[in-house]
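K.L.:
So the sequence shown is residues 46 to 493, counted in our numbering.
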Amino acid sequence: MPEPSHYWIVNVRIPDCLIDSSFREQNLDLPLIPTLQRDRLFPCHLEIRDGQIAKVIANSPDSIANSIALESLPIIDAKQGMLIPCFSDLHTHLDKGHIWERSPNLDGTFQGALKGIYRDCTEQGNWSYDDLYRRMEFGLKCSYAHGTRAIRTHLDCPPHQFETTFQVFRELREKWKEKITLQAVSLVPLSFFVTPEGEKFADAIADLGGIIGGIAHMVPEFDQFLARIMTLAIERNLCLDFHTDENNDPESRTLYRVAAAALKHDFKSQIVCGHCCSLAVQDEETANETIALVKAANVGIVSLPMCNLYLQDRVAERTPRWRGVTLVRELDAAGVNVAISSDNCRDPFYGFGDHDMLQVFTMGTKISHLDTPYGNWIESVTTRPASLMGLPTGNISVGQAADFSLFKARSYNELLSRPQSDRLVFRNGMKIDTTLPDYAELDDLINF
Ligand SMILES: [Zn+2]
């Protein structure tokens, strides 16, 4: 029997920061139930019609009788489970994904990760059209099944590789456009952009509809590189996305320099900076100076807690002493738009993962102590990354596509204590198949 296109989901709890603000204003008071107060969860019912949210009503004693029962529509009873808009994953590396068994990083260090990718992509030349297409699509299948609707991926762009990679990206973006909005960022040394080939490469990124990006290092020419990149981006009306300060060196201040350059060059399009780890090992005055400049330049920050925990402070036969994450709480308190994303997945930079943004949120919360209170941090994997990608935020509001995940968990404590593998994912109001792809799909590629 086909699923109904017009129905109610009753008895859901939605983080109040993810509900349209005009609705919140009309229903200001959260009920005096401790869990709801503490987690700021709003109890309500949703009417779904033709793939959209048609009505949101507060869960009050007479609301079912007045608004629902009379319409005699099908009802899904969520039994106080949490409902969260579909995730947006702002920082990934789909092209590197799932090569762990073929090219592991056995010492687990950052240098080991760089070598592992170089060996797999360049020395062994494994990144053929077929290899990339199938591994990247495997990542998309996982993401979709876990409830993600938008992904930005960085793409390694050595000269021998990028045309193949761009071709695969184009085809997957088109094939998956109804399910996942895909964005691409170049991942190259920033010095490349001051060469004549770099200018042509900027044209190729523009032709792809991509974003200019690369890895920022504290080199003497860094400001010159930034000036060139901002000029290339302004000429082509492109956004920017950098890997900054992915280390524990207090002298590493590329984030500060990016923000300063954005102000100097009056760069108006969105800039996102990922990692920013060294901010956490700088003295407070230095860190605050950077945070203030990041806010002034409207630079968005994306923290990659799982990858940072894995790679930072890893020395053979020594226990790590720090968690590797940036100052997410201080950045957030200063009004910076802070997102949390997954980064690498089963590759030399991060040996685990499954493109599950709930796992990212769970790990991020525990690594960065974003609990007690949870505040608005759920925005960091939903509405904030969406807005940094220039997409509709996906807030729960009337007229929006009915794209959300429904969990059995009734509180953040329950949500973050189990993997929630039994979550229901709705896209355009229809329950999707949340079966994950079988690892064996890739066996012939990775010689498992
Ligand atoms: Zn990255």
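All C-beta atoms, glycine included, are put in the ideal place defined by N, C-alpha and C.
Note that the structure is a prediction, hence the values are computed from the model and not measured.
1. Measuring from the CB of Phe394, is there a heavy atom of ligand 1 at a distance below 8 Å?
2. To which residues does DSSP link Lys100 through a beta bridge?
3. Distance, Cα to Cα, Asn353 vs Ser50?
4. With a threshold of 6 Å on Cβ separation, who are the neighbours of Pro88 within its own chain once the five nearest residues in sequence on each side are excluded?
5. Specify whether the stretch 118–129 and the stretch 449–466 touch according to this definition: at least 3 beta carbon pairs, one from each stretch, less than 8 Å apart.
6. Just to check my reading of the structure: Val373 and Val339 have Cβ atoms closer than 8 Å, yes? What is that Cβ distance to the nearest angstrom?
7. Run through DSSP, which three-state label would His191 get?
8. Any chance the CB of Gly380 is under 8 Å from a heavy atom of ligand 1?
9. Taking the alpha-carbon positions, what's the Phe449 to Ser66 distance?
10. Can you pull every residue whose C-beta falls closer than 6 Å to some heavy atom of ligand 1, listed in chain order?
11. CA-CA distance, Gly439 and Met181?
12. Which word fits Asp205, buried or exposed, when buried means at least 16 other C-beta atoms lie within 10 angstroms of its C-beta?
13. Can you check DSSP and say which residues form a bridge with Cys318?
14. Which value, in whole angstroms, describes the spacing of the CA atoms of Glu92 and Val55?
15. Just to confirm the assignment, what range does the beta strand (DSSP E) spanning Tyr52 have?
16. Taking the alpha-carbon of Asn292 as reference, which of Asn492, Tyr355, Val239 has the nearest alpha-carbon?
17. Using the Cα positions of Ala158 and Glu329, report the straight-line distance between them to the nearest angstrom.
18. Could you tell me which of His414, Leu135, Ile316, Lys160 sits nearest to Ile257, measuring between CA atoms?
19. Measuring straight from C-alpha to C-alpha, what distance separates Ala307 and Met275?
20. Using only CA atoms, which one of Glu208, Val383, Lys411, Gly474 lies nearest to Ala99?
21. Report the start-end ranges of each alpha helix (DSSP H) in the stretch 133–179 that is 4 residues or longer and not cut off at the edges.
22. Return yes when the Cβ of Ile196 is within less than 9 Å of the Cβ of Ser133, no when it is not.
23. Less than 8 Å between C-beta atoms, sequence neighbours within five positions excluded: which residues of the same chain meet that for Phe246?
24. Along the chain, where does the alpha helix (DSSP H) containing Phe270 start, and where does it finish?
25. Short check: CB of Cys131 to CB of Arg194, under 9 Å?
26. List the whole-angstrom C-beta distance separating Leu490 from Asp165, where the pair is believed to meet the contact cut-off of C-beta under 8 Å.
27. Given a cut-off of 9 Å, decide if Leu415 and Leu460 are closer than it, judged by their beta-carbon atoms.
28. I'd like to confirm the pairing. Which residues does DSSP put opposite His414 in its beta bridges?
29. What is the DSSP secondary structure of Leu227, reduced to helix, strand or coil?
30. Below 8 Å on the Cβ atoms is my contact criterion, and I expect Ala229 with Thr198 to pass it. Report the Cβ-Cβ distance as a whole number of Å.
31. Nearest CA to the CA of Ala278: which residue from Gly259, Thr289, Leu376?
P.N.:
Taking the structure as given:
1. Position 349 of the sequence shown, counting from 1, holds the residue named residue 394. For Phe394, the distance from the CB to the nearest heavy atom of ligand 1 is below 8 Å.
2. The residue you call residue 100 lines up with position 55 of the sequence shown. DSSP lists Glu92 as the beta-bridge partner residues of Lys100.
3. Numbered from its first residue, the sequence shown carries residue 353 at position 308. Numbered from its first residue, the sequence shown carries residue 50 at position 5. Rounded to the nearest angstrom, the gap between the Cα atoms of Asn353 and Ser50 is 43 Å.
4. Position 43 of the sequence shown holds residue 88. Excluding five sequence positions before and after Pro88, the CB atoms of its chain that fall closer than 6 Å to its own CB belong to Arg58, Asn104, given in chain order.
5. The stretch 118–129 makes contact with the stretch 449–466, as at least three CB pairs between them are under 8 Å.
6. Along the sequence shown, read from residue 1 onward, the residue named residue 373 stands at position 328. Along the sequence shown, read from residue 1 onward, the residue named residue 339 stands at position 294. Beta-carbon to beta-carbon, Val373 and Val339 are separated by about 12 Å, too far to satisfy the 8 Å threshold.
7. Working through the sequence shown from its first residue, we reach residue 191 at position 146. If DSSP states are grouped into helix, strand and coil, His191 belongs with the helices.
8. Locating residue 380 in the sequence shown gives position 335, counting from the first residue. Look at Gly380: its beta carbon is at least 8 Å from all of the heavy atoms in ligand 1.
9. Residue mapping note: residue 449 aligns to position 404 of the sequence shown, counting from 1. Residue mapping note: residue 66 aligns to position 21 of the sequence shown, counting from 1. Each residue's alpha carbon lies about 18 Å from the other.
10. Taking every residue with its beta carbon within less than 6 Å of a heavy atom belonging to ligand 1 gives, in chain order, His136, His138, His199, His288, Gly319, Asp388.
11. The residue labelled residue 439 in the question sits at position 394 within the sequence shown. The residue labelled residue 181 in the question sits at position 136 within the sequence shown. Cα to Cα, the separation comes out at about 25 Å.
12. Position 160 of the sequence shown, counting from 1, holds the residue named residue 205. The residue asked about is misnamed: residue 205 is His in this sequence, not Asp. With fewer than 16 other Cβ atoms within 10 Å, it is exposed.
13. Locating residue 318 in the sequence shown gives position 273, where the first residue counts as 1. Paired residues: Phe287, Ile346.
14. Against the sequence shown, residue 92 aligns to sequence position 47. Against the sequence shown, residue 55 aligns to sequence position 10. Going from the Cα of Glu92 to the Cα of Val55 covers about 8 Å.
15. Counting from 1 along the sequence shown, the entry for residue 52 is found at position 7. Judged by DSSP secondary structure, Tyr52 falls within the beta strand (DSSP E) whose first and last residues are 51–60.
16. Within the sequence shown, the letter at position 247 stands for residue 292. Distances from the CA of Asn292 to each of Asn492, Tyr355, Val239 were compared; the closest alpha carbon is that of Tyr355.
17. The residue you call residue 158 lines up with position 113 of the sequence shown. The residue you call residue 329 lines up with position 284 of the sequence shown. Cα-Cα distance, rounded: 31 Å.
18. Your numbering for residue 257 matches position 212 in the sequence shown. When only C-alpha atoms are compared, the closest one is Ile316.
19. Sequence index remark: in the sequence shown, residue 307 carries index 262 (1-based). Sequence index remark: in the sequence shown, residue 275 carries index 230 (1-based). Rounded to the nearest whole angstrom, the CA to CA distance from Ala307 to Met275 is 8 Å.
20. Mapped onto the sequence shown, residue 99 falls at position 54. With distances taken between CA atoms, Ala99 lies nearest to Gly474 out of Glu208, Val383, Lys411, Gly474.
21. DSSP runs (the alpha helix (DSSP H)) wholly in the stretch 133–179: 155–163.
22. As a first step, residue 133 is located in the sequence shown; it is residue number 88 there, counting from the start. As a first step, residue 196 is located in the sequence shown; it is residue number 151 there, counting from the start. Cβ atoms of Ser133 and Ile196: closer than 9 Å.
23. For the purposes of this step, residue 246 is identified with residue 201 of the sequence shown, where counting begins at 1. Hits under 8 Å: Cys202, Phe207, Ser231, Val233, Phe237, Phe238.
24. As a working mapping, residue 270 is identified with position 225 in the sequence shown. Under the DSSP assignment, Phe270 falls in the alpha helix (DSSP H) whose first and last residues are 267–281.
25. The residue given as residue 131 occupies position 86 in the sequence shown. The residue given as residue 194 occupies position 149 in the sequence shown. One thing to note: Cys131 has its Cβ within 9 Å of the Cβ of Arg194.
26. In the sequence shown, counting from the first residue as 1, residue 490 sits at position 445. In the sequence shown, counting from the first residue as 1, residue 165 sits at position 120. The beta carbons of Leu490 and Asp165 sit about 11 Å from each other, so the pair does not count as a contact at 8 Å.
27. Indexing the sequence shown from 1 puts residue 460 at position 415. Indexing the sequence shown from 1 puts residue 415 at position 370. Going by C-beta atoms, Leu460 is not nearer than 9 Å to Leu415.
28. Along the sequence shown, read from residue 1 onward, the residue named residue 414 stands at position 369. His414 is not bridged to any residue.
29. Within the sequence shown, numbered from 1, the residue matching residue 227 stands at position 182. Here DSSP, grouped into helix, strand and coil, assigns Leu227 to strand.
30. Stepping through the sequence shown from its first residue, residue 229 is reached at position 184. Stepping through the sequence shown from its first residue, residue 198 is reached at position 153. About 6 Å separates the two Cβ atoms, so the contact holds.
31. Taking the first residue of the sequence shown as position 1, residue 278 is located at position 233. Per the Cα distances, Gly259.
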